[in-house]
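First up is the structure itself, then whatever we jot down about it.
Numbering (the numbering used here), first residue to last: 1 to 185.
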């Protein structure tokens, strides 16, 4: 019976909850985190379309260093993630990846300002990638981790909930900021 449940949870190398808002071409593309974990048990892809250019989205992605931007009552001990841009220098390799509950977590592994931010936190590696389109931006996130299949299943579902909220919050903030900037011009 255990093997049957596992087969339902993991089919064709896919784990329940491993994809949200991404296309097949976005799943097969290369992400910086792919080079950091050999044969990951967990691979999860998330994506949103942001109605703003990449230059308006990047500062919000870079600002995940200040707060998680997901469900603040869970990830940030009730502290609200900033809703305004804070003047920050560009992220640097080796800096803390994020802050939650007033405490720094993880490390930045790789950064190409305006294009991608890759970090490691609690054994997982994740890459935020911006794909500019004509007047919009695809904000993609891939998470990889070496773990057991059962842990991968739980992490995939949990990450789906939290990462979905994070990407939707970043989308909303970038669009609002872009709209305000356009209105004042």
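Here a beta-carbon is modelled for each residue, glycine too, at the ideal position from N, C-alpha and C. As the structure is a prediction and not an experimental result, all values here were calculated from the model.
**Item:** Host alpha helix (DSSP H) of residue 132 (start-end)
**Value:** Per DSSP, residue 132 belongs to no alpha helix (DSSP H); it is in the beta strand (DSSP E), 124-132.
**Alpha carbon of residue 170 to alpha carbon of residue 49, nearest angstrom** = 11 Å
**Request:** Measure from the alpha carbon of residue 101 to the alpha carbon of each residue in 142, 115, 66, 85, then state which is nearest.
**Result:** 66
**Message:** For residue 99, tell me which candidate among 23, 177, 62, 39 has the shortest Cα-Cα distance.
**Reply:** 62
**Item:** Alpha carbon of residue 210 to alpha carbon of residue 60, nearest angstrom
**Value:** In the structure as shown, the chain begins at 1 and stops at 185. Residue 210 is therefore absent and cannot be evaluated.
**Prompt:** For residue 146 versus residue 128, is the C-beta spacing smaller than 8 Å?
**Reply:** no
**Request:** Please state whether DSSP places residue 182 in a helix, a strand or coil.
**Result:** helix
**Request:** Please classify residue 94: is it buried, with 16 or more other beta-carbons within 10 angstroms of its beta-carbon, or exposed?
**Result:** exposed
**Request:** Leaving out five residues on either side along the sequence, give the residues of the same chain with a beta carbon under 8 Å from the beta carbon of residue 53.
**Result:** 132, 135, 136, 137, 178
**Item:** For residue 155 and residue 139, the rounded distance between their alpha carbons
**Value:** 21 Å
**Asked** Nearest-angstrom Cα distance between residue 10 and residue 160?
**Response** Confidence at residue 10 is low in this model, with a pLDDT of 44, below 50, so the placement of that residue is unreliable and no value is reported for it.
**Item:** Rounded straight-line distance, which links the Cα of residue 172 to that of residue 84
**Value:** 12 Å
**Request:** Using three-state DSSP, classify residue 57 as helix, strand or coil.
**Result:** helix
**Prompt:** Helix or strand or just coil, what does DSSP make of residue 27?
**Reply:** helix
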